[in-house]
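Going by numbering that gives the first Met the number 0, the letters in the sequence shown line up with residues 0 to 425, in that order. In this text, a Cβ means the ideal position worked out from N, Cα and C, and glycines have one as well. Quick caveat, the model's predicted, so the values are computed rather than measured.
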Amino acid sequence: MQNAAIPVDAQSPKRYFPRSSGPRIPQPRDRWEGSMSLGETVTLEQLETDPYPLYARLRDDEPVSWVPAAQLWLVTRYDDVRQVDLAPDVFTGATTPSTLNRTMGTNMLGSEGPDQQRVRRITEAPFRPRDVEERMHGMIPRLAHELIDGIAHDGEADLFTAFCDPMSVRSLRFMLGLEEVAWEDLLAWNQAMMLGLANFEGDPAKQDTADRASAELGAAIERVLDRLEGRPDGSVLSWMLQHDADGDRMSRTEIVANTKLMLSGGLQEPRDLIALAVWALGAHPEQLEEVSRDRSLVKRAVEETLRWCGPVGTSTRQTTRSVVLDGVELPEGALIGAVLSSANRDPRRFTDPDRFDVHRNDGAHLAFAIGTHFCLGAWFGRQLARVSLEILLDRLPNLRLDPARPVELWGWEFRAPTSTWVRWDV
0 MQNAAIPVDA
10 QSPKRYFPRS
20 SGPRIPQPRD
30 RWEGSMSLGE
40 TVTLEQLETD
50 PYPLYARLRD
60 DEPVSWVPAA
70 QLWLVTRYDD
80 VRQVDLAPDV
90 FTGATTPSTL
100 NRTMGTNMLG
110 SEGPDQQRVR
120 RITEAPFRPR
130 DVEERMHGMI
140 PRLAHELIDG
150 IAHDGEADLF
160 TAFCDPMSVR
170 SLRFMLGLEE
180 VAWEDLLAWN
190 QAMMLGLANF
200 EGDPAKQDTA
210 DRASAELGAA
220 IERVLDRLEG
230 RPDGSVLSWM
240 LQHDADGDRM
250 SRTEIVANTK
260 LMLSGGLQEP
270 RDLIALAVWA
280 LGAHPEQLEE
290 VSRDRSLVKR
300 AVEETLRWCG
310 PVGTSTRQTT
320 RSVVLDGVEL
330 PEGALIGAVL
340 SSANRDPRRF
350 TDPDRFDVHR
360 NDGAHLAFAI
370 GTHFCLGAWF
380 GRQLARVSLE
390 ILLDRLPNLR
400 LDPARPVELW
410 GWEFRAPTST
420 WVRWDV
């Protein structure tokens, strides 16, 4: 006889028992049972240092697992992550509490329903490939060459700080229409806000730093909006001021919050993607040599980087009702971490998934999520990474990782190198 479900506290779930004839239901641990679930043994340090071995164990043994250290249910298999992202009526992006909305204000990634759809329709237009190409034509390669001019004769550099940071922030600053704001300020504000976005443990010091940065960035955006009123300039900010969806325009509050969101994704993810692509290829020199010879492989190299070590680790959702996912009963209000980076290493979906392979052609990755919250700037990020990688290979002969200063990666919500030291022939 199948056990009846018992009430479960969404924020303090207990260990579930192994799979039986019915769904696994989170239950209080029996008094005689001394072992912990795998999820209960996970530490933030493990996740931040190298989450992939842990993800492999979770996929095999606890694909839907409560992880107290992260205060999230981690969902790690490809099909389950896809199911979560494609069912916003059950797994909503409008989470409570929301580190995203807390730090930036209510935005389209942290909301659902008609308002989210209205804002999405207005903001996605200037990020379509044709519109990005029209706005950014010539700007990306020009900036890439300018930055490389400053280091080309050195024979070595930390590409993360010398190229990836300014390449990402200055490109997006132009795209959005924030050129009057110092790019160094945008970068510093964004880095501070990242502390708030990943602050699932509720550290007040991290949140205070993030809140101050968010307020300063918001004031800078407001000043630009004041200038753009009545004087459109073709930027994304100008577009949001001037356009509507079915007669409804975005409010100033919505524009500011969603601009912060665009900056967060548009500064960090393309920057980290460029650095990760250089690292991934450098760690596989035979493939780096192949891509250097055959530039048609650059696009594949970027896509494989996104799958193998994408910069965004999770999409956060919350259950709107009790639901069973992969045999585990989740209560209403449960906070879910749909682990994109684990899904992209799932052997149920990808052949030999831990191997980096620019010739891979076995299916779509989930690095940009899927569904109503598919990354708005996916094409912008891909284009920036492709052009940057091509020009780096053109301008820096025999580009390679510096063996004396190995690359170290950090993070799981957002994962990137702490530095990317390289050498080339001068």
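Host alpha helix (DSSP H) of residue i (start-end)
| i | result |
| --- | --- |
| A377 | 377 to 394 |
| E44 | 43 to 48 |
| W238 | 235 to 241 |
Contact check, residue i vs residue j, beta carbons under 8 Å
| i | j | result |
| --- | --- | --- |
| I369 | D88 | no |
| M135 | M174 | yes |
| G410 | E47 | yes |
| R414 | G312 | yes |
| R422 | R399 | yes |
| D401 | E155 | yes |
| A244 | I121 | yes |
| L383 | P284 | no |
| F126 | G376 | yes |
| F355 | A274 | no |
| L240 | L227 | yes |
| E331 | T319 | yes |
| A282 | V301 | no |
| L236 | T258 | yes |
| R294 | E179 | no |
| I147 | R344 | no |
| V63 | L324 | yes |
| Q317 | A333 | yes |
| A68 | T94 | no |
| S34 | E61 | no |
| L53 | Q45 | yes |
Delimiting residues of the beta strand (DSSP E) encompassing residue i
| i | result |
| --- | --- |
| G336 | 334 to 338 |
| D157 | 155 to 157 |
| E328 | 327 to 329 |
| S64 | 63 to 66 |
| L71 | 71 to 74 |
| R422 | 420 to 422 |
Cβ distance (whole Å) where residue i is taken to contact residue j below 8 Å
| i | j | result |
| --- | --- | --- |
| G92 | E111 | 6 Å |
| R217 | Q206 | Looking at the sequence shown, residue 217 is not Arg but Gly. Actually they do not touch by this definition, with Cβ atoms about 16 Å apart. |
| W182 | R172 | 6 Å |
| A161 | I150 | 5 Å |
| A219 | E412 | Not quite, the Cβ-Cβ distance comes to about 25 Å (not below 8 Å), so this is no contact. |
| L262 | V223 | Between V223 and L262 the Cβ distance is about 12 Å, and since that is not below 8 Å, they are no contact. |
| H358 | R299 | 7 Å |
Proximity test, residue i beta-carbon vs the ligand GTP heavy atom, cut-off 7 Å
| i | result |
| --- | --- |
| D210 | As far as ligands go, the structure on display features none, and thus does not contain the ligand GTP. |
Any chain B beta carbon closer than 8 Å to residue i
| i | result |
| --- | --- |
| G370 | Among the chains of the structure shown, chain B does not appear; only one protein chain is present. |
Item to check | Contiguous alpha helix (DSSP H) assignments of at least 4 residues, all confined to the stretch 86 to 118 | outcome: For the stretch 86 to 118, whole alpha helix (DSSP H) runs of length 4 or above, ordered along the chain, are 98 to 103.
Checklist entry - Where are the beta strand (DSSP E) runs, 3 residues long or more, that stay fully inside the stretch 187 to 219, in chain order? => result The qualifying runs do not exist here; there are none.
Checklist entry - Are the stretch 251 to 265 and the stretch 346 to 364 touching, with three or more C-beta to C-beta distances below 8 Å? => result Note that the stretch 251 to 265 does not touch the stretch 346 to 364; fewer than 3 beta-carbon pairs, one per stretch, sit closer than 8 Å.
Checklist entry - Would you call the stretch 334 to 343 and the stretch 71 to 80 in contact, with 3 or more CB pairs under 8 Å? => result Because the criterion of three Cβ pairs below 8 Å is met, the stretch 334 to 343 and the stretch 71 to 80 touch.
Next on the checklist: Just to confirm the assignment: which complete alpha helix (DSSP H) runs, minimum length 4, are found wholly within the stretch 270 to 326?
Outcome noted: For the stretch 270 to 326, the full-length alpha helix (DSSP H) segments reaching 4 residues or more read 284 to 292, 297 to 308 along the chain.
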